[in-house]
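Enquirer:
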Amino acid sequence: MKKILFSVITIAILVGSYYGGKSWLKSLLPSKAHFQQIKQTTVADLPYLTEAVPAFRGKILAVVTSTESMGEDTSTGYEHTELARAYWVFVANGFEVDIASPKGGTPPVVYDGEDMGAYDYAFLNDATIQDKLSRSIPLAEVNANEYEAVYFVGGKGTMFDFPDNPYVKHIAQTLYQNDKVVSAVCHGPAALVNVELDNGEMLLANKKVSGFTNEEELMLIPEAEEIFPFLLQSKLTEQGANFQQGTAYLERVVQDGKLITGQNPWSVWMLAELVVEELGYQPKQRTRTPEEHSIDLLITYNQHGYDAASEQMSVQPQSYQMVTLLMHGIFAFMQGEISKGTDILSLANHLKELVG
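Under the working numbering, residues 98 to 453 are what the sequence shown spells out, in order.
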């Protein structure tokens, strides 16, 4: 948190002489009314969830952590957006989703307000889903054979209660060896690090995988090596995985047969749709979210530069999300990439000019 605060102050100083510093940064944020409107979103407001939903195609198991703290004063849990977005993709494509956790009952959750959109709030506002969450199935009671796929949801808590859990290992092993889909995102691949197959090989051996990178981890938590039992990228590599690292905090999904993994929270939508595809179905048409458009824009910037990104944004500026650009500008400053951070904030300012 101190690093983020320092970065915000640094940005304000750097842009102060040209844009007006703090007041300029504040002017880029959406109005309070905008956030209040999004927070009221329900399933009925989202045609993707209510129209042309296929008939029942099978069940998918979503597994979340039961770990609620890291040390004495740091709370943790599963990442709300990582569960909500995948849940909606699976349900909209005809699958029933069960939610399980090591201990069962109500699992601890982390909300990242700056990343939450309409689908995330619709999930929160659905009483049936919240009741299901409050009664998550204890992993010991899960029959792995009932499911077509498993999805290990991320969240820092997974680093503590996924790797050595015998039921986590059994579920991953059973589905993988029965030619079903095993998927995980962000810290979720911690579920895979100790999974041994019946032939004596590690599930991860020689597999292309992704997950939260050491770079991403250490930037946000410099003392991560002291807090966690291991760094995820290092452990996956140690287990024989061919780790596929993408650009920090941008979408990255890797598929190796029935094994599908994503690098970070921005990878969830693509990962979930690849799971549906691997299960033999064409994913239902979906309007991409403003956050996804913004991540696409940042990928364009990283690959082709500022002018290409600016041109892309000018075509349909209302499709983009200002908060995503601002956060990634801060990430760039935190990584010491001053020029990149300045460019991304300039894109944010240009977006403000385009949308009025």
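Here a beta-carbon is modelled for each residue, glycine too, at the ideal position from N, C-alpha and C. Predicted model, so just to flag it, every value in this text is computed and none were measured.
1) Quick one: measure Cβ to Cβ for Ser172 and Glu179, integer angstroms, because I've assumed they're closer than 8 Å.
2) Locate the alpha helix (DSSP H) running through Ser436, then write down its first and last residues.
3) By DSSP's criteria, Asp353 is part of a beta bridge. Which residues make up the other side?
4) So Ile157 and Val194 are in contact, right, with Cβ under 8 Å, and what is the actual spacing, rounded?
5) Just to confirm my understanding: we take Leu102, look at its own chain, exclude 5 residues before and 5 after, and list those with CB closer than 8 Å. What are they?
6) Give me the DSSP bridge partner(s) of Ala246.
7) From what residue to what residue does the beta strand (DSSP E) around Val194 run?
8) Out of Asn296, Thr255, Lys305 and Tyr248, state which residue places its alpha-carbon closest to the alpha-carbon of Val278.
9) Is there a Cβ of chain B sitting closer than 8 Å to that of Tyr216, yes or no?
10) For Phe309, is the classification buried or exposed, using 16 other Cβ atoms within 10 angstroms of its Cβ as the cut-off for buried?
11) Under the three-state reduction of DSSP, which class applies to Met419: helix, strand or coil?
12) Under the rule that 16 or more other beta-carbon atoms within 10 Å means buried, what is Val239, buried or exposed?
13) According to the neighbour-count rule (16 or more other Cβ atoms, all chains shown, within 10 Å of its Cβ), is Pro204 buried or exposed?
14) Please classify Glu450 as buried or exposed, where buried requires at least 16 neighbouring CB atoms within 10 angstroms.
15) Taking the alpha-carbon of Leu236 as reference, which of Glu434, Thr139 and Val265 has the nearest alpha-carbon?
16) Relative to the C-alpha of Gly202, which candidate in Leu230, Asn222 and Gly251 has its C-alpha closest?
17) To the nearest angstrom, report how far apart Val140 and Glu335 are at their CA atoms.
18) Just to confirm before moving on: does the CB-CB distance between Ala269 and Val292 stay below 8 Å?
19) Could you check which residue in Ser391, Ala406 and Ile392 has the C-alpha nearest to that of Tyr398?
20) Just to confirm, is the Cβ distance from Asn190 to Pro151 under 8 Å?
21) So for Ser104, helix, strand or coil by DSSP?
Expert: The short version:
1) Start at 1 with the first residue of the sequence shown, and residue 172 comes out as number 75. Start at 1 with the first residue of the sequence shown, and residue 179 comes out as number 82. Contact flag wrong, Cβ pair sits at about 17 Å.
2) Taking the sequence shown and counting its residues from 1, one reaches residue 436 at position 339. Counting along the chain, the unbroken alpha helix (DSSP H) around Ser436 starts and ends at Ile435 to Val452.
3) Position 256 of the sequence shown holds residue 353. Beta-bridge partners assigned by DSSP to Asp353: Leu356.
4) What you label residue 157 is simply residue 60 of the sequence shown in a count that begins at 1. What you label residue 194 is simply residue 97 of the sequence shown in a count that begins at 1. Between the beta-carbon of Ile157 and that of Val194 there is about 5 Å, and that keeps the pair under the 8 Å contact cut.
5) Position 5 of the sequence shown, counted from the start, is the residue given in the question as residue 102. Caution applies to Leu102, whose pLDDT of 43 falls short of 50 and renders its modelled position unreliable; the model cannot decide the point.
6) On the sequence shown, position 149 is the one that residue 246 refers to. Checking the DSSP bridge columns, you'll see Ala246 partnered with Ile157 and Val278.
7) Position 97 of the sequence shown, counted from the first residue, corresponds to residue 194. That run of the beta strand (DSSP E) goes Phe192 to Ser198.
8) Residue 278 sits at position 181 when you count from the first residue of the sequence shown. If we check each option's Cα against that of Val278, Tyr248 comes out closest.
9) Chain labels in this structure do not include chain B; a single protein chain is all it has.
10) Here residue 309 refers to the residue found at position 212 when the sequence shown is read from its first residue. By the Cβ neighbour-count rule, Phe309 is buried, with 16 or more other Cβ atoms within 10 Å of its own.
11) Looking up residue 419 in the sequence shown gives position 322. Secondary structure at Met419: helix, using DSSP grouped into helix, strand and coil.
12) Taking the first residue of the sequence shown as position 1, residue 239 is located at position 142. By the 10 Å Cβ count, Val239 comes out buried.
13) Within the sequence shown, the letter at position 107 stands for residue 204. Under this definition Pro204 is a buried residue.
14) By 1-based counting over the sequence shown, the position of residue 450 is 353. Exposed, since its Cβ has fewer than 16 Cβ neighbours within 10 Å.
15) Taking the sequence shown and counting its residues from 1, the one referred to as residue 236 is at position 139. Out of Glu434, Thr139 and Val265, Val265 has the C-alpha closest to the C-alpha of Leu236.
16) As a first step, residue 202 is located in the sequence shown; it is residue number 105 there, counting from the start. Looking at the Cα atoms, Leu230 is the closest of the given residues.
17) Counted from its first residue, the sequence shown places residue 140 at position 43. Counted from its first residue, the sequence shown places residue 335 at position 238. Computed Cα separation, rounded: 43 Å.
18) Within the sequence shown, residue 269 is the residue found at index 172, counting from 1. Within the sequence shown, residue 292 is the residue found at index 195, counting from 1. In this structure, Ala269 lies near Val292, with their beta-carbon atoms less than 8 Å apart.
19) Indexing the sequence shown from 1 puts residue 398 at position 301. Considering only alpha carbons, the answer is Ala406.
20) Position 93 of the sequence shown, counted from the first residue, corresponds to residue 190. Position 54 of the sequence shown, counted from the first residue, corresponds to residue 151. Yes; because the gap between Cβ atoms is below 8 Å, this pair is in contact.
21) Numbered from its first residue, the sequence shown carries residue 104 at position 7. Because the pLDDT of Ser104 is 49, which lies under 50, any placement of that residue in the model is unreliable, and the number read from its coordinates should be weighed accordingly. Ser104 falls in the helix class under three-state DSSP.
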